[in-house]
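*Asks:* Residue 1401 in this note's numbering sits at position 356 of the sequence shown; the count goes up by one each step and never skips.
Below is the structure I would like to discuss, written out as structure tokens.
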Amino acid sequence: MKLGEEWHIAATYCNRCGRCNTNCPVFQAMDGLETYSPRGWIELIKLMEQGKIEINVDTIKYVFICPLCYSCDASCPTGVEVTKLIKDARRAVVSEGYVPPGNISGRITNINRWGNLFGTPSQGKWVPRRYESKEKAESIYFPGCLSSHVYTEIALSSFGLLHGLGYELLKEVSLNGCCGEYAEYCGHEGVRSIVLEELSKKLDKAGVSRIASSCPHCVMSMRDLDGIEVLHVAQVLSEAAKRKKLRFRRFRKAVVYHDPCVMSRKLGVVDEPRELLQMIPGLKLLEFEKHGVESFCCGSGGGVAPGADPSISLKVTAFRIKEAVEMKASVLITSCPHCYGQFLEANSELNAPIKIWDIAHFVDTLAK
């Protein structure tokens, strides 16, 4: 496995202070084991390249268990982009023919063959008959793989609200579209490039100038498309509520909002979801100790970490749910389908007295 001079130059800036470890959700979930930490992963990757540690299914797991939450990047005093180093290592692993752990390779095959993570064309099964997909549109809704194939309640609520604000469904894009971000997270940058190139052609042909998506990962990936404004659904709904285009019924319970890592640390979307929730009469908005750009990861890592080791990723998720319960929150709300799925799965085991909602689905149930 060859990483190149640039990787090693960047890695030399690590002074092994361990500040990245203290903010790493995996490190905390695994009780401080160095092999489950940013500092430890960098050293393991070096040893794998040097041939001092064999590259096999067991050791490769450590390259993929990182959820890429960017908290280590934000906390490093010398500016080391640990997330980039890990992404580069994944790319090197894949390019040299090694197979990633779990179901990761299968999902890459699904993207190549079916255009989504799950290998089954949805054909817009979540779309009610009253909605018609268009051949051309300026503003469209892009649900992403999870919302259109698994958590269709997110797609249904999101588009129901967006349609009243002038957004449409675009054939071949809104019903079964993938942004390619998962592939890039797994070391398959070339797959993401192909996905975005094909997506760009379809959007240009349809005259699209604005996209709203339920998934922060989709938003981040599609912002590389030229000439198209890409927003998260929460941003659009927050602005609409400010302009009195959305009104809500009273909700007299305490809720806590979880900031998805990409949403807060990469996209900088922190205020809009809170502003949207605070427009609901009677709602009491609580805050986690770590919130906003300092938010604690849900453990999903864009869906990659559960593929590498689901038990570890769910340990991370449990931290957040237990904290929400201790705060006496009745509802935990998030704005990422990956976070939403993680919380649902973890809570099915914990059976904690708290409801899990996606933000668009939540406000849709209260919309007048």
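The beta-carbon is built from N, C-alpha and C at its ideal position, and this holds for glycine as well.
Take residue 1086 as the anchor and find which of 1142, 1110, 1183, 1294 has the nearest alpha-carbon.
*Replies:* Residue 1086 has its Cα closest to that of 1110, out of 1142, 1110, 1183, 1294.
*Asks:* Please report the distance separating the alpha-carbon of residue 1340 from that of residue 1148.
*Replies:* C-alpha separation (whole angstroms): 27 Å.
*Asks:* Is it a yes or a no for the region 1355-1373 touching the region 1391-1404, going by three-plus beta-carbon pairs under 8 Å?
*Replies:* Touching, yes, given that three or more Cβ pairs across the two stretches are closer than 8 Å.
*Asks:* For residue 1154, which residues from the same chain have a beta carbon less than 8 Å from its beta carbon, with the 5 sequence-adjacent residues on both sides left out?
*Replies:* Contacts found: 1164.
*Asks:* Tell me, which residues are paired with residue 1379 by DSSP?
*Replies:* For residue 1379, which the question treats as bridged, DSSP gives the partners 1303, 1403.
*Asks:* Taking only the alpha-carbon atoms, compute the straight-line gap between residue 1183 and residue 1112 and give it to the nearest angstrom.
*Replies:* Distance between the alpha carbons of residue 1183 and residue 1112 is about 34 Å.
*Asks:* Can you tell me the Cβ-Cβ gap for residue 1448 and residue 1382, rounded? I've got them flagged as a contact below 8 Å.
*Replies:* Residue 1448 is absent from the model: the chain starts at 1046 and stops at 1413.
*Asks:* Which first and last residues belong to the alpha helix (DSSP H) in which residue 1322 is found?
*Replies:* Residue 1322 -> alpha helix (DSSP H) spans 1316-1323.
*Asks:* Let me know if residue 1070 comes out buried or exposed under the rule of 16 or more other beta-carbons within 10 Å of its beta-carbon.
*Replies:* Buried, since its Cβ has 16 or more Cβ neighbours within 10 Å.
*Asks:* Kindly indicate which residue of 1157, 1388, 1084 has the alpha-carbon position closest to the one of residue 1166.
*Replies:* The shortest C-alpha separation from residue 1166 is found at 1157.
*Asks:* What are the start and end residues of the beta strand (DSSP E) that includes residue 1115?
*Replies:* Residue 1115 -> no beta strand (DSSP E), and no H or E assigned at all.
*Asks:* Tell me, please, whether the CB atom of residue 1096 is closer than 8 Å to any CB atom in chain B?
*Replies:* Of the protein chains in this structure there is only one, and it is not chain B.
*Asks:* Starting from residue 1255, follow the beta strand (DSSP E) in both directions and report where the run begins and ends.
*Replies:* 1255-1258 is the span of the beta strand (DSSP E), which, as asked, contains residue 1255.
*Asks:* What separation, rounded to the nearest whole angstrom, lies between the Cα atoms of residue 1047 and residue 1386?
*Replies:* Approximately 35 Å between the Cα atoms of the pair.
*Asks:* Along the chain, where does the beta strand (DSSP E) containing residue 1131 start, and where does it finish?
*Replies:* From DSSP, residue 1131 is part of no beta strand (DSSP E) but of the alpha helix (DSSP H) over 1127-1140.
*Asks:* I need the straight-line Cα distance from residue 1214 to residue 1220, nearest angstrom please.
*Replies:* If you take the alpha carbons of residue 1214 and residue 1220, they lie about 7 Å apart.
*Asks:* Given that a residue counts as buried once 16 or more other Cβ atoms are within 10 Å of its Cβ, and exposed if not, what is residue 1160?
*Replies:* Classification for residue 1160: buried.
*Asks:* Counting C-beta neighbours from all protein chains within 10 Å, is the total for residue 1228 16 or more, i.e. buried, or is it exposed?
*Replies:* Counting Cβ neighbours within 10 Å, residue 1228 comes out buried, since at least 16 surround it.
*Asks:* If you compare alpha carbons, which of 1273, 1095, 1122, 1269 is closest to residue 1067?
*Replies:* Taking only the C-alpha atoms, the option nearest residue 1067 is 1122.
*Asks:* Determine the contact status of residue 1218 and residue 1244, defining contact as a CB-CB distance below 8 Å.
*Replies:* In contact: residue 1218 and residue 1244 (Cβ atoms closer than 8 Å).
*Asks:* Residue range of the beta strand (DSSP E) that residue 1185 falls in?
*Replies:* Note, residue 1185: beta strand (DSSP E), 1184-1187.
*Asks:* Just to confirm the assignment, what range does the beta strand (DSSP E) spanning residue 1329 have?
*Replies:* Element bounds for residue 1329: 1329-1331.
*Asks:* Between residue 1257 and residue 1207, how many whole angstroms is the CB-CB distance? I'm expecting something under 8 Å.
*Replies:* Between residue 1207 and residue 1257 the Cβ distance is about 6 Å, and since that is below 8 Å, they are a contact.
*Asks:* Based on the DSSP secondary-structure assignment, which residues constitute the bridge partners of residue 1412?
*Replies:* In the DSSP output, where bridge partners are listed per residue, residue 1412 has 1293.
*Asks:* Between which residues of its own chain and residue 1388 is the CB-CB distance below 8 Å, once the five residues before and five after are set aside?
*Replies:* If we look at residue 1388 and ignore the five residues flanking it on each side, its Cβ neighbours are 1303, 1343, 1362, 1365, 1366, 1377, 1379, 1401.
*Asks:* What does the alpha-carbon distance come out to for the pair residue 1063 and residue 1324?
*Replies:* Distance between the alpha carbons of residue 1063 and residue 1324 is about 41 Å.
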